[in-house]
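Only one structure is covered here, and it is reproduced in the block below.
Here is the structure:
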């Protein structure tokens, strides 16, 4: 009887060692992913100060936004301040949510 109990306990030990190894691998993988996430966040370029959103055709600008505007669509691209000023002056609508015309000091 002693021999069977010893084998069962050794089997249990192997199972637990395997579980511990697997857990350690999961921890190491998660730590690598977190390090990569942090590194990626540090490397990301700064958000642009101004955005121009183009229409469905991809050519004609439809809105000027302040950078980071929650209403800016996927078809928005970052531009310099002078480009944003010129667009508003040429009749491109200013986003009614972020009011880039106010930020650009173009009050009516």
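Numbering (this note's numbering), first residue to last: 2 to 109.
By construction, the Cβ of each residue, glycine as well, lies at the ideal position given by its N, Cα and C atoms.
In this structure, the CA atom of residue 75 is about 17 Å from the CA atom of residue 94.
Judged by their CB atoms, residue 80 and residue 88 are nearer to each other than the 9 Å cut-off. Within the same chain, Cβ atoms closer than 7 Å to the Cβ of residue 77 are found at 52, 53, 54 and 66, the five residues on either side in sequence being excluded. Here DSSP, grouped into helix, strand and coil, assigns residue 78 to strand.
Each residue's CA atom was taken as its position, placing residue 5 and residue 36 some 47 Å apart. Annotated three-state conformation of residue 42 is helix, per DSSP. Residue 66 has 52 as its beta-bridge partners, per DSSP. For residue 102, the uninterrupted alpha helix (DSSP H) run begins and ends at 101-104, by DSSP.
Residue state for residue 94 is assigned as strand, using DSSP reduced to three classes. The alpha-carbon separation between residue 100 and residue 34 amounts to approximately 39 Å.
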